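Asker: Residue numbering for the sequence shown follows the numbering used here, beginning at 32 and increasing consecutively.
For each residue, glycine too, the CB sits at the ideal point set by N, CA and C.
Please read these numbers as outputs of a predicted model, since none were measured by experiment.
Structure below; questions to follow.
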Amino acid sequence: MKNIVQKLLMIGVVITLQACGTGADTKTQGANTKDTDTTAKHAHHQHTKTESDGIGTSKKKKTLSPRKMAMSDVDENHIHIDYGAPSVRGRVIWGGLVAYDKVWASGAHSATSITFAKDVVIDGKQIKAGKYAFFTIPGKQEWTLIINKNHQQHLADDYNAQEDIVRIKVKPTKLESPQEQLKYEVVPCTKGEASVSLIWEKIKVTFTVKNA
């Protein structure tokens with residue numbers, strides 16, 4: 032009888048130990064699963080934060096065609112040109128990026144503008160003081176330079192020939208050294224007179240502005 036009781040007690044102990052072991056395993060597995068979820072959530076959080084930080088802290092990319100100005104005083108008259116300055120960057124410019132025989136904004140983004148503080152004369156045409164658009168029509172042998180009333184437009188999207196004030200025919204000059212970025216020059220010449228030049232790649236075109 033005593034032996035039977037001892038055997039029953041031993042069986043009970045074994046069952047209890049097995050149950051405790053199973054519970055511990057289950058608890059451990061639960062803990063491991065929780066850790067895995069936390070790691071996944073943490074990793075996802077870190078990934079999201081990194082993307083957000085990248086957007087939040089990234090600096091705005093510098094434009095490839097920055098706005099630039101060229102200006103000069105011609106006696107008491109101030110001439111000011113505002114334009115977007117694209118670069119060659121290995122591209123074909125004339126007859127490629129800039130089409131021949133088409134109206135061009137003479138720069139990037141917005142129409143190039145030219146401002147005269149006082150009245151001027153261009154190619155015999157008197158022009159009132161004010162701000163104007165400067166368009167061109169590039170050609171292989173000859174360019175047309177245009178002073179137009181509407182300077183507030185994107186490129187030449189709203190160009191209207193009826194708003195032209197003066198058109199000038201000029202011969203382009205070939206440069207020995209290429210000009211990588213488009214630039215303008217306003218250079219005083221004789222008294223009350225200046226030359227205005229557009230220079231890009233291996234081409235330069237110039238016209239004369241006189242004080243009225």
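Output the distance between the C-alpha atoms of Met100 and Thr237, rounded to the nearest integer angstrom.
Answerer: If I take the Cα positions, the gap works out to 17 Å.
Asker: Tell me the DSSP secondary structure of Gln157 in three-state form.
Answerer: Strand.
Asker: Around the Cβ of Ser208, are there at least 16 other Cβ atoms within 10 angstroms (buried) or fewer (exposed)?
Answerer: Classification for Ser208: exposed.
Asker: Assign Ala160 to one of two classes, buried (16 or more other C-beta atoms within 10 Å of its C-beta) or exposed (fewer than that).
Answerer: Under this definition Ala160 is an exposed residue.
Asker: Inspect the CB distances between the stretch 184-196 and the stretch 209-223 and report whether three or more fall short of 8 Å.
Answerer: No: the two stretches stay apart, fewer than three of their Cβ pairs being nearer than 8 Å.
Asker: Return the CA-CA distance between Ala136 and Val151, expressed in angstroms with no decimal places.
Answerer: Their Cα atoms are separated by approximately 22 Å.
Asker: Leaving out the 5 sequence neighbours to the left and right, which residues in its chain are closer than 6 Å to Ile112 when beta-carbon positions are compared?
Answerer: Closer than 6 Å at the Cβ level, and outside the excluded window around Ile112, lie Ala101, Ile145, Tyr215.
Asker: Please classify Gln210: does DSSP put it in a helix, a strand, or coil?
Answerer: Note: Gln210 maps to strand in three-state DSSP.
Asker: When the Cα of Ile158 is compared with those of Gly170, Arg122, Ile196, which residue comes out closest?
Answerer: Comparing Cα positions, the closest option is Ile196.
Asker: Quick one: measure Cβ to Cβ for Trp174 and Val201, integer angstroms, because I've assumed they're closer than 8 Å.
Answerer: So it is a contact: roughly 5 Å between Cβ atoms.
Asker: Could you check what DSSP says for Ala116 in three-state terms: helix, strand or coil?
Answerer: Correct three-state label for Ala116: coil.
Asker: List the whole-angstrom C-beta distance separating Val129 from Asn242, where the pair is believed to meet the contact cut-off of C-beta under 8 Å.
Answerer: Going by Cβ atoms, the distance from Val129 to Asn242 rounds to 31 Å, so no, they are not a contact pair.
Asker: Should Leu176 and Ile199 be called a contact, given that it needs their Cβ atoms to be closer than 7 Å?
Answerer: In contact: Leu176 and Ile199 (Cβ atoms closer than 7 Å).
Asker: Are the beta-carbon atoms of Gln184 and Ala139 separated by less than 7 Å?
Answerer: Contact flag unset, no.
Asker: If you follow the beta strand (DSSP E) that Thr175 is in, where does it begin and where does it stop?
Answerer: Start and end: 174-179.
Asker: Quick one: is Trp231 buried, meaning 16 or more other Cβ sit within 10 Å of its Cβ, or exposed?
Answerer: The residue in question, Trp231, is buried, as its Cβ has 16 or more Cβ neighbours within 10 Å.
Asker: Alpha carbons only, please: which of Ala164, Cys220, Lys171 is nearest the one belonging to Tyr131?
Answerer: Cα-wise, what sits closest to Tyr131 is Lys171.
Asker: What residues in its chain sit with their C-beta under 6 Å from that of His109, if we drop five residues either side in the sequence?
Answerer: Only Ala148 meet the Cβ criterion.
Asker: Determine the DSSP secondary structure at Ala192, reduced to helix, strand or coil.
Answerer: Looking at Ala192 - three-state DSSP - the assignment turns out to be helix.
Asker: Which whole-angstrom value describes the C-beta separation of Lys180 and Thr204, a residue pair presumed to lie in contact below a C-beta threshold of 8 Å?
Answerer: Incorrect: roughly 28 Å between the Cβ atoms, too far for contact.
Asker: With distances taken from CA atoms, which of Phe165, Lys162, Ile153, Leu186 is nearest Ala225?
Answerer: Ranking Phe165, Lys162, Ile153, Leu186 by Cα distance to Ala225 puts Ile153 first.
Asker: Which two residues bound the contiguous beta strand (DSSP E) that contains Thr237?
Answerer: Segment 224-242, the beta strand (DSSP E) holding Thr237.
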